Every structure is written in structure tokens, then in C-alpha cells.
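Worksheet for the structure shown next.
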Amino acid sequence: MERIDHLLPWGHLGCERQLSVFRFGKGERKAYIQASLHADELPGMRAAWELKKRLAELEQQGALNGVIELVPVANPMGLGQLLQGSHQGRFEVGSGKNFNRDFVELSEPVTELLKGKLGDDPHANVRLIRQAMSDVLSALPEPSSQLQGMQRILLSHACTADVVLDLHCDAEAALHMYALPQHWPQWRSLSAHLGVKVGLLAEDSGGSSFDEACSLPWLRLSQAFPEAQVPLACLATTLELGGQADTGRDEAIFHAEGILAFLAEQGLIKGEWPAPQFEPCEGMPFEGTELLFAPHAGVISYLRKAGEWIEKGEPIFEVIDPLDDRVSTVCAGTSGVLFAVERLRYAQAGFWLAKVAGREALRHGRLLND
Numbered sequence: 037m038e039r040i041d042h043l044l045p046w047g048h049l050g051c052e053r054q055l056s057v058f059r060f061g062k063g064e065r066k067a068y069i070q071a072s073l074h075a076d077e078l079p080g081m082r083a084a085w086e087l088k089k090r091l092a093e094l095e096q097q098g099a100l101n102g103v104i105e106l107v108p109v110a111n112p113m114g115l116g117q118l119l120q121g122s123h124q125g126r127f128e129v130g131s132g133k134n135f136n137r138d139f140v141e142l143s144e145p146v147t148e149l150l151k152g153k154l155g156d157d158p159h160a161n162v163r164l165i166r167q168a169m170s171d172v173l174s175a176l177p178e179p180s181s182q183l184q185g186m187q188r189i190l191l192s193h194a195c196t197a198d199v200v201l202d203l204h205c206d207a208e209a210a211l212h213m214y215a216l217p218q219h220w221p222q223w224r225s226l227s228a229h230l231g232v233k234v235g236l237l238a239e240d241s242g243g244s245s246f247d248e249a250c251s252l253p254w255l256r257l258s259q260a261f262p263e264a265q266v267p268l269a270c271l272a273t274t275l276e277l278g279g280q281a282d283t284g285r286d287e288a289i290f291h292a293e294g295i296l297a298f299l300a301e302q303g304l305i306k307g308e309w310p311a312p313q314f315e316p317c318e319g320m321p322f323e324g325t326e327l328l329f330a331p332h333a334g335v336i337s338y339l340r341k342a343g344e345w346i347e348k349g350e351p352i353f354e355v356i357d358p359l360d361d362r363v364s365t366v367c368a369g370t371s372g373v374l375f376a377v378e379r380l381r382y383a384q385a386g387f388w389l390a391k392v393a394g395r396e397a398l399r400h401g402r403l404l405n406d
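Residue numbers (the working numbering): 37 to 406.
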């Protein structure tokens, strides 16, 4: 195991921060796994520790066929952001920016660098593109903030990987994942190993999140160079490991072992691994996700649990105003998987309370909520 420590730029006197990458194995192929980019989403960090121990064992046994880089703490900035005892890990408190938005868009500058250089050999093209991505990131001006510097470090490690797993969670949720539609056939196996309830598929969700900053450039480059053989060579996903409270030991071990079994299927780990315990989940258009809101303020009572299939028109939660005795029942506007609910139990204007993944498109344009 090799540990690589990056000092984040713009650290103030006495409060410098570093980002640590653990590298296992060697070879041309590579997987990259990071956890808790939203620093208050800790199930991934807990699973990453189990991965760290297992990868050290596998490396000692000579069972790794390639490089696996692991970042158990992808956001040292957000770890210390507490407001009156409540962890604020989704947004950088100084700027208000979401830690998982506005990663560098690589396809446009890489296209300029590679005009006239790509040909019929897909393996040679992949090497050229990855080198160009690294060169583009290295040539950028000095970062203007610690957040920007941290994002560039993360992307510089991930952009040369064949497989990228960005481990997150939702508020209270069933396991779900986000990916390019073109990659869904490969991800179905991971969904079966982990018991994922739904895959949310989009080519561009808006906001330049980390997983799409890794995978989407390959799609855009294949469109920019239709005469060349440009494979979609970075299989990247945001994997939501349940809800924020799901940091149990058994859960973490199960998630880590499922991820390792998937990496073995991808040829990165040797040996015999257990078959998936579940059936692959359904991949649905991210445009088909319905966000449900309360019609007025009040206490929330959920009538269904995350992970359940909901038919259109079925009640999902009640909103109760105890002063005016107003009670409203909010029902699903689409049939699909209720994959996440809000952990707070008092309705606030403008805040979603439930998410249902359906098969028919309901929304267009930017799909990510902040």
C-alpha cells in the first residue's frame, strides 16, 4: 500500500488540510473509489475503511490485477463544519457551494489538444485521452480556493481510471445509483451484489457532479471524433449507500464485499467471489424522478418506506398542522420506487420530502437538486 498525501491550497496558518489517497496494486488498469465528498454522508466512509483493510490483504496475497486507489475521506474541508452541533457537510460554508458541483469539464480542452491525433486503435486512443486529461488539469491556473484545489486533486486521480465509484448516501434512503444510460448494462451486476433498488440514468444531469465529470467527457469525445474509435472508457457512478444513519458494521462489510466482487468481475481482482444475492435492479430515466413537497407547514408522518414500489395515486406521507387541524395527504404522481425521504419531520417551504423514481420522463434540463 502506498499513501499519497496532498496538501490543499489556501490553508490558513495553523489549519492546513491534507487529502490522502491510498494506492493498492499495480498495472495498467485502475479503479478509483472515494467516500464522503458530502462530508456528512458517512456510510461510504465506513465502507471505505472495510475496503482499505481488505485491499491491503488482497495486495499481500498478490490478488490485485491492477491499481485500486481509495480515498476514504474525500472532503477534509467539510468534516469540521459544525453549526450548533449539526454537521454541515454538503455545502462549503464560506461560499455556499455544493462540494459535488462544478468539477472541471474536460471534454472541450481535450478535444482541442487531440484534433488529428486519434485513430482506429481504441487502446491507443484511451492512453492519449487520459494523458491529455492529466495535462489539461496540470496546466490550469492556480486554484482560486481550497474547494477548487480539492476538486482538482480528486479529479486528477479519477480521470485515469477504468472504474470510478463515488460513495454517497441520501437522507433516509434505499440503496440507489446514478450513471450514464450507456453504462447501465455493466452496472447491473453491482446493483445485484449490493441490493440496489433503482438506477437513475442520464447523460447529463446538470451541475458537473464528480461522476459525470469522469464519465461524460468520453461520451462527448466519441461524438466530437466520430471517425475515431473512442470507447466510453470510464465507468463512473454515484453510489448512494442508503441513508445518513446507515453506518452499521455489518452494512459496511456487506457493501465493501459487494464492491470487491464487482471489481473482480471487472478483472481487477483475482480469485473466486460470491455470486450476487439479489436480482439486478431496474434502470430508470433520471428525468422520471418525482420530487414531492408538502402543501403547507406541519409535522410529517410517512406512510410508506424507502425502497418500496409505489403506484400512482398511492399516499406517501401526511402533513399535519396541529394548530389549525389541517391534514393533507400527499400521493405519488407517478408509479415507481420510493427511494428516498427527508430525515427532518417538519415540512418547510421549498424542501422536498420524498423522491419516487418512475419510468416516464417528468422533468427536463437540470435534474440535480442542490
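Even for Gly, the Cβ is constructed at its ideal location relative to N, Cα and C. Since the model is a prediction, treat every value here as computed from it, not as a measurement.
Reduced DSSP category for residue i - H, G, I as helix; E, B as strand; rest coil
i           : result
residue 198 : coil
residue 378 : coil
residue 185 : helix
residue 250 : helix
residue 96  : helix
residue 70  : strand
residue 351 : strand
residue 364 : strand
residue 160 : helix
residue 171 : helix
residue 107 : strand
residue 54  : strand
residue 204 : strand
residue 59  : strand
residue 404 : coil
residue 39  : strand
residue 44  : coil
residue 192 : helix
residue 114 : helix
residue 119 : strand
residue 345 : strand
residue 215 : strand
residue 237 : strand
residue 397 : coil
Residue of the options minimising C-alpha distance to residue i
i           : options            : result
residue 394 : 357, 317, 194, 132 : 317
residue 205 : 145, 345, 319, 275 : 275
residue 68  : 390, 403, 319, 302 : 302
residue 60  : 162, 93, 320       : 93
residue 203 : 100, 211, 102, 72  : 72
residue 214 : 236, 195, 223      : 236
residue 188 : 308, 379, 111      : 111
residue 147 : 269, 282, 259      : 259
residue 358 : 365, 348, 333      : 333
residue 268 : 113, 348, 162      : 162
residue 108 : 145, 376, 87, 245  : 87
residue 43  : 166, 171, 186, 119 : 186
residue 361 : 335, 376, 38       : 335
residue 85  : 376, 344, 295      : 295
residue 264 : 160, 96, 243, 125  : 160
residue 179 : 96, 139, 208       : 139
residue 106 : 398, 381, 197      : 197
Contacts around residue i, its chain only, beta-carbon distance under 7 Å, and the 5 residues preceding and following it disregarded
i           : result
residue 41  : 54, 56
residue 340 : 346, 352, 374
residue 367 : 349, 350, 351, 352
residue 81  : 71, 72, 108, 109
residue 224 : 316
residue 209 : 276, 278, 279, 342, 375, 376
Other residues of its chain near residue i: CB distance less than 6 Å, five sequence neighbours each side excluded
i           : result
residue 83  : 288, 291, 292
residue 123 : 76
residue 261 : 154
residue 27  : Any answer about residue 27 is impossible in this case: the structure gives the chain only from 37 up to 406.
residue 127 : 134
residue 218 : 268
residue 272 : 200, 247, 250, 251
residue 254 : 268, 269, 270
residue 369 : 326
Same chain only: Cβ atoms within 8 Å of residue i, ignoring 5 sequence neighbours per side
i           : result
residue 100 : 60, 61, 62, 63, 91, 94, 304, 305, 306
residue 241 : 214, 248, 322, 402, 403, 404
residue 103 : 59, 60, 61, 62, 63, 65, 66, 67
residue 320 : 234, 235, 236, 237, 372, 373, 393, 394, 395
residue 327 : 388, 390, 391, 405
residue 164 : 150, 153, 154
residue 125 : 72, 74, 75, 76, 77, 111, 114, 115, 117, 135
residue 52  : 43, 44
Residue i CB to nearest heavy atom of the ligand ADP below 6 Å
i           : result
residue 222 : With respect to small molecules bound, the structure shown includes none, and the ligand ADP cannot be examined in it.
Whole-angstrom C-beta distance between residue j and residue i, which should lie under 8 Å
i           : j           : result
residue 149 : residue 168 : 5 Å
residue 364 : residue 354 : 7 Å
residue 297 : residue 310 : 6 Å
residue 282 : residue 79  : 5 Å
residue 173 : residue 192 : 5 Å
residue 216 : residue 239 : 6 Å
Item to complete: Please specify which runs of the beta strand (DSSP E), each continuous and at least 3 residues long, are wholly inside the region 261–341, giving them in chain order.
Response: With a minimum length of 3 residues, the continuous beta strand (DSSP E) runs that stay inside the region 261–341 are 271–279, 318–321, 325–328, 334–338.
Worksheet item: What are the start and end residues of each continuous alpha helix (DSSP H) run of 4 or more residues lying completely inside the region 129–156, in chain order?
Response: Considered as a whole, the region 129–156 harbours 143–150 as its complete alpha helix (DSSP H) runs of no fewer than 4 residues, in chain order.
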